[in-house]
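Below is one structure, written out as structure tokens; the observations come after it.
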Amino acid sequence: MTITPDTLVWFELGPLTINATIGFTWVVMAIMTIGSWLVTRDLTTSALSWWQNLLEYVVELIAAQIREVSDQSPSPFVTFIGTLFLFILVSTLLALVPGFYPPTASLSTTAALAICVFFAVPVFGITQQGLRRYLRTYIQPSFIMLPFNIIGEFSRTLALAVRLYGNVMSGSMIVAILVTIVPLLFPIVMQVLGLITGVIQAYIFAVLTTLFIGSATRSRHDTLDKQTNTQAKEIHQHE
Amino acid sequence: MSDVTLVALLSIVISALTITIGTIAPAVGEARALTQALSAIAQQPDEAGSISRTLFVGLALVESTAIYCFVVAMILIFINPFWNYFVSQAGG
Chain F
1 MTITPDTLVW FELGPLTINA TIGFTWVVMA IMTIGSWLVT RDLTTSALSW WQNLLEYVVE
61 LIAAQIREVS DQSPSPFVTF IGTLFLFILV STLLALVPGF YPPTASLSTT AALAICVFFA
121 VPVFGITQQG LRRYLRTYIQ PSFIMLPFNI IGEFSRTLAL AVRLYGNVMS GSMIVAILVT
181 IVPLLFPIVM QVLGLITGVI QAYIFAVLTT LFIGSATRSR HDTLDKQTNT QAKEIHQHE
Chain S
1001 MSDVTLVALL SIVISALTIT IGTIAPAVGE ARALTQALSA IAQQPDEAGS ISRTLFVGLA
1061 LVESTAIYCF VVAMILIFIN PFWNYFVSQA GG
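Quick note, the sequences are listed as chains F and S, same order.
With the first letter of the first sequence counted as 1, position 99 gets the number 99 in our numbering; the numbers rise by one all the way through.
With the first letter of the second sequence counted as 1, position 52 gets the number 1052 in our numbering; the numbers rise by one all the way through.
As structure tokens, then:
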């Protein structure tokens, strides 16, 4: 029983060690890239193929969710957040294939994803509202909150990494323990449960990323304006 | 009792205590959040979509404390950093 696929070494190339985490990450990347390339090779607007329809639906779903959660136009964020979501989702769903260890069951992968989020938040914030206004969000309610805001940046990155790792790892761990105790049928039920947990965790990782980026890209003033606007619109509709 | 036995005993007992005590608070918190969300959905069935989305995000945030306890327990059992040190001390 292993608690991380990092220890399964496939082969070594000089100083580089290719372990199961890296290998299966490449497998997931290859499946997603080649699949998307095959589907988007001949895009049409008239007779939609089954796969093109599916991909368009997925992209539109992600964009709609981002719009709903962050209350902003989703176009700058769809590529980044959608990539994170689909990568975690595909690597979790592929855990059903025997012999496949999800790369997200390793703390290295989840830490890498969380560090991507850590750097993406200021990048989006500065490009959307400028350096000065982004830095002003750190002293938002008052100047006393500055150290807490900075600590919060790091602790939420750690929490993001450990949450995903812990959930995926505990799922595969429970199945491994149950196989030794009750080898018939019952592990399948727990595997289904692990599948649900994995999908929810992929969703939560994406939603939290959207929330972090959304809070960095939107200033307090804008939200208040928008809220009054929507409230006015709702009142108008009710009338 | 030798040092190695003591480390092994303490690791097992502490990891069991970690997961036992550490899951109580998240369980209570999640139950409270769930009851609140259910009564909110019962009062406003139209808002069920946004309520359940917020509920899922909140549950994941609450649950992460239990997950931290689980990770600490797993580290104590499987990759205990003190174990190798004391084993090498006893051997050498």
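Cβ atoms here follow ideal geometry from the backbone N, Cα and C, with glycine treated the same way.
Exercise. Counting only runs that start and end within the stretch 81-141 of chain F, where is the alpha helix (DSSP H) found for 4 or more residues in a row?
Worked result: 107-129, 131-136
Exercise. What residues are listed by DSSP as bridge partners for I1041 (chain S)?
Worked result: Paired residue(s): none; I1041 (chain S) is not in a bridge.
For this session: Would you mind working out which of F:T180, F:Q129, F:F205 sits nearest A159 (chain F), comparing C-alpha positions?
Result: F:F205
For this session: Could you tell me whether any Cβ in chain S is nearer than 9 Å to the Cβ of L195 (chain F)?
Result: no
For this session: Please classify L16 (chain F): does DSSP put it in a helix, a strand, or coil?
Result: strand
Problem set entry | Residues within the stretch 52-83 of chain F neighbouring chain S, beta-carbon criterion of under 7 Å | none
Exercise. Under the DSSP definition of a beta bridge, which residues are partnered with F11 (chain F)?
Worked result: F:I18
For this session: Whole angstroms is fine: what's the gap from Q1044 (chain S)'s alpha carbon to S1050 (chain S)'s?
Result: 11 Å
Exercise. Which residues in chain S sit within 8 Å of G166 (chain F), going by Cβ to Cβ distance?
Worked result: S1064, I1067, Y1068, F1070, V1071
For this session: State the DSSP-derived secondary structure class of P76 (chain F), mapped to helix, strand or coil.
Result: coil
Problem set entry | Neighbour list for A95 (chain F) in chain S, Cβ cutoff strictly below 8 Å | None at all; the shortest Cβ gap to chain S is about 18 Å.
For this session: Ignore the nearest five residues each way along the sequence and tell me which others in A202 (chain F)'s own chain have a CB closer than 7 Å to its CB.
Result: F85, I88, L89, T92
For this session: Would you check if the distance between the CB atom of I1024 (chain S) and the CB atom of F1070 (chain S) is smaller than 9 Å?
Result: no
Problem set entry | Cα-Cα separation, L43 (chain F) to L96 (chain F) | 31 Å
Exercise. In this structure, does DSSP put P183 (chain F) in helix, strand or coil?
Worked result: coil
For this session: Decide yes or no for the touch test of the stretch 107-116 of chain F against the stretch 148-164 of chain F: beta carbon pairs closer than 8 Å, at least 3 of them.
Result: yes
For this session: Please say whether S106 (chain F) and T4 (chain F) have beta carbons closer to each other than 9 Å?
Result: yes
Exercise. Checking contacts by CB at 9 Å: is R1032 (chain S) closer than that to chain F?
Worked result: no
Exercise. Could you give the C-beta distance for I150 (chain F) and Y138 (chain F), rounded to a whole number, given that I count them as a contact under 8 Å?
Worked result: 7 Å
Exercise. Mind pulling the chain S residues with CB within less than 7 Å of A159 (chain F)?
Worked result: S1064
Problem set entry | Pick from S:A1066, S:R1032, S:L1006 that is closest to I1021 (chain S), judged by C-alpha positions | S:A1066
For this session: With 9 Å as the threshold, decide whether the Cβ of V117 (chain F) is near any Cβ in chain S.
Result: no
For this session: Examine the ligand COA and report whether any of its heavy atoms sits within less than 8 Å of the Cβ of I196 (chain F).
Result: With respect to the ligand COA, the structure shown offers nothing to examine, as it has no ligands at all.
Exercise. Can you tell me whether A1031 (chain S) is buried or exposed, with buried defined as 16 or more other CB within 10 angstroms of its CB?
Worked result: exposed
Exercise. Taking Cβ to Cβ, would you say E74 (chain F) is nearer than 9 Å to R67 (chain F)?
Worked result: As written in the sequence, residue 74 (chain F) is Pro, which differs from the Glu given in the question. Yes, Cβ-Cβ distance for P74 (chain F) and R67 (chain F) is below 9 Å.
Exercise. Taking the alpha-carbon positions, what's the Q128 (chain F) to A1008 (chain S) distance?
Worked result: 54 Å
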